[in-house]
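Residue numbers (this note's numbering), protein chains in the order written: chain A, 1 to 219; chain B, 1 to 219.
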DNA sequence: CTTCGGAACACTGTATACATGATCCGATGT
DNA sequence: ACATCGGATCATGTATACAGTGTTCCGAAG
């Protein structure tokens with residue numbers, strides 16, 4: 001029976017920071033005061049700082065010496081850039097993955113779709129985005145390109161706070177569900193190019209909505 | 001008169017770590033003992049740890065909880081993966097950049113070529129690789145895709161220790177010089193596709209040599 | 001001779017305490 | 001009234017000290 005307790009405090013902080021950012025408790029642009037956050041977790045500032053350094057490397061927070069750490073806010077252009085890079089990398093990953101997909105991989109895709117439906121019913125956005133991730137990364141990981149998958153994960157992390165806005169709307173959740181099922185079919189057919197195309201559309205739908213949301217936010 | 005002294009100690013450590021890794025003082029696979037490195041710089045371990053965390057995020061060092069930090073060693077497959085990702089991202093960046101290239105950008109390219117020739121004469125590998133970076137990134141930065149350029153920079157960082165092996169050989173330095181001049185010509189013609197093609201070849205030459213070097217190392 | 005257990009060591013992980021730099025605000029002078 | 005200077009305050013940056021974990025090596029038992 002393996003406990004999930006992380007081996008170091010930094011990792012615990014890291015998890016909590018990620019969760020807080022994802023859940024919108026730490027909104028883009030706000031400063032993360034080390035003292036406050038450390039006290040909240042009952043730890044000292046050192047592990048907090050180290051976790052923040054990791055997030056800095058991933059681009060999740062912005063760092064200014066002697067000023068501190070701030071949750072990065074993305075403008076529309078940056079979001080578009082992220083999606084463009086994702087398109088390049090994910091297409092490549094999928095092309096490598098699809099021919100290698102095994103039954104377990106397909107099962108994992110199906111399971112992720114069901115998990116999303118279940119989480120959607122409970123209106124549990126965190127679980128929803130987690131299952132969404134499992135779905136997509138089940139398509140990338142069989143490629144065996146660890147480094148590439150890691151970069152893709154970074155890109156996902158960067159846009160997480162915005163994606164959770166997207167999942168807030170039930171309409172979008174339904175659309176995502178339909179598209180995922182189509183993607184699963186393409187995977188079953190081992191149709192790489194079809195799958196790449198479906199993913200492109202999938203992303204562009206998300207972009208359209210995110211543009212709207214960001215547009216409203218700016219007004 | 002602005003001193004170049006970094007505002008924080010971590011940054012000083014970071015510079016020194018990068019330099020040491022690039023210069024081969026810290027060989028891939030060796031552990032970086034925090035105490036030892038801190039003492040060497042006359043600092044405490046805290047800023048050293050923080051600098052290491054940044055490098056971890058960039059993939060320059062590997063971290064294992066309670067075991068410490070090790071300079072990452074790349075196997076051939078990982079190196080190939082890095083070059084494949086670079087191909088995807090750099091091609092895109094260049095396609096966006098070339099139409100936007102101004103006279104200053106072309107001048108910078110020419111300057112970088114001259115700097116490399118000069119550094120090559122002095123057998124200053126560090127200056128050589130620095131100028132090489134300036135050359136290539138002058139082709140990426142005008143794209144305006146900050147995030148993409150940053151990712152490309154990470155990939156370059158990861159393979160730096162190996163690239164400096166490559167530059168060790170005068171034969172390779174001459175080949176690189178010739179190829180850079182061809183690339184500059186294509187840039188002057190604003191020939192995006194030609195430039196992308198030249199860059200592809202440029203990279204694959206480097207890969208061929210790196211394979212050899214790594215192959216010998218394994219034996 | 002091999003294997004198992006445990007104690008000592010070394011290094012990392014974290015907390016506490018102190019130093020430094022930045023910002024804000026009011027006082028002072030023009 | 002306004003600009004400038006200076007100090008108080010806050011958050012960050014760093015050092016020191018201690019705790020925890022993993023490893024190694026040695027000795028005893030089988």
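Just so it is clear, CB atoms sit at the ideal spot from N, CA and C, and this is done for glycine as well. All values derive from a computational prediction rather than experimental measurement.
- Exclusion of the five residues before and after residue 186 (chain B) leaves 194, 195, 198 as the residues of its chain whose Cβ lies within less than 7 Å of its Cβ.
- Residue-level contact check: residue 183 (chain A) does not touch chain B, since none of the beta carbons of chain B fall below 8 Å from its beta carbon.
- In the DSSP assignment, residue 143 (chain B) falls outside any alpha helix (DSSP H) and carries neither an H nor an E.
- Here residue 62 (chain A) carries a strand assignment [DSSP, helix/strand/coil].
- Not flagged as an interface residue toward chain B: residue 48 (chain A), since no C-beta distance is shorter than 8 Å.
- Residues of the segment 61 to 73 of chain A with a C-beta atom less than 8 Å from some C-beta of chain B are 65, 66, listed in chain order.
- Sequence-ordered contacts of the segment 140 to 156 of chain B with chain A read 145, 147, 148, 151 [C-beta pairs closer than 7 Å].
- Note on residue 171 (chain B): under 16 other CB atoms within 10 angstroms of its CB, so exposed under the neighbour-count rule.
- Neighbours of residue 7 (chain A) in chain B, taken as residues whose beta carbon is under 9 Å from its own, are 65, 66 in chain order.
- Residue 28 (chain A) and residue 102 (chain A) have their C-alpha atoms roughly 39 Å apart.
- Taken through DSSP and simplified to helix, strand or coil, residue 126 (chain A) comes out as helix.
- The CB of residue 21 (chain B) never comes closer than 8 Å to any CB in chain A; the least such distance is about 16 Å.
- Close to residue 57 (chain B), with beta-carbon spacing below 8 Å, are these residues of chain A in chain order: 53, 54, 56, 57, 58.
- Annotation: the continuous alpha helix (DSSP H) that includes residue 176 (chain B) extends over 170 to 188.
- Here residue 128 (chain A) is not near residue 85 (chain A), since their CB atoms are 8 Å or more apart.
- When DSSP states are grouped into helix, strand and coil, residue 68 (chain A) belongs to the strand group.
- Assignment of beta-bridge partners to residue 31 (chain B) by DSSP yields B:70.
- Apart from sequence neighbours up to five positions away, the residues of its chain that approach residue 144 (chain A) with a beta-carbon distance below 8 Å are 96, 100, ordered along the chain.
- Non-local C-beta neighbours of residue 190 (chain A) in its own chain, meaning closer than 6 Å and more than five positions away in sequence, comprise 98, ordered along the chain.
- Excluding its 5 nearest sequence neighbours in each direction, residue 177 (chain B) has C-beta neighbours in its own chain below 8 Å: 113, 116, 117, 120, listed in chain order.
- Within the same chain, Cβ atoms closer than 7 Å to the Cβ of residue 49 (chain A) are found at 34, the five residues on either side in sequence being excluded.
- Scanning its chain for C-beta atoms nearer than 7 Å, with the 5 sequence neighbours on each side dropped, one finds around residue 83 (chain B) the residues 203, 207, in chain order.
- Around the CB of residue 92 (chain B), 16 or more other CB atoms lie within 10 Å, so the residue is classed as buried.
- Between residue 164 (chain B) and residue 24 (chain B) the beta-carbon gap is near 7 Å, inside 8 Å, which marks them as a contact.
- Counting along the chain, residue 121 (chain A) sits inside the alpha helix (DSSP H) bounded by residues 103 to 121.
- DSSP places residue 97 (chain A) inside the alpha helix (DSSP H), whose first and last residues are 76 to 97.
- Within 8 Å of the CB of residue 15 (chain A), no CB atom of chain B is found; the nearest one sits about 14 Å away.
- Contacts with chain B at 8 Å (Cβ-Cβ) do not include residue 32 (chain A).
- Going by C-alpha positions, residue 109 (chain A) is about 8 Å away from residue 139 (chain A).
- With a threshold of 8 Å between beta carbons, residue 89 (chain A) makes contact with chain B.
- Remark: C-beta atoms of residue 74 (chain A) and residue 61 (chain A) do not approach each other more closely than 8 Å.
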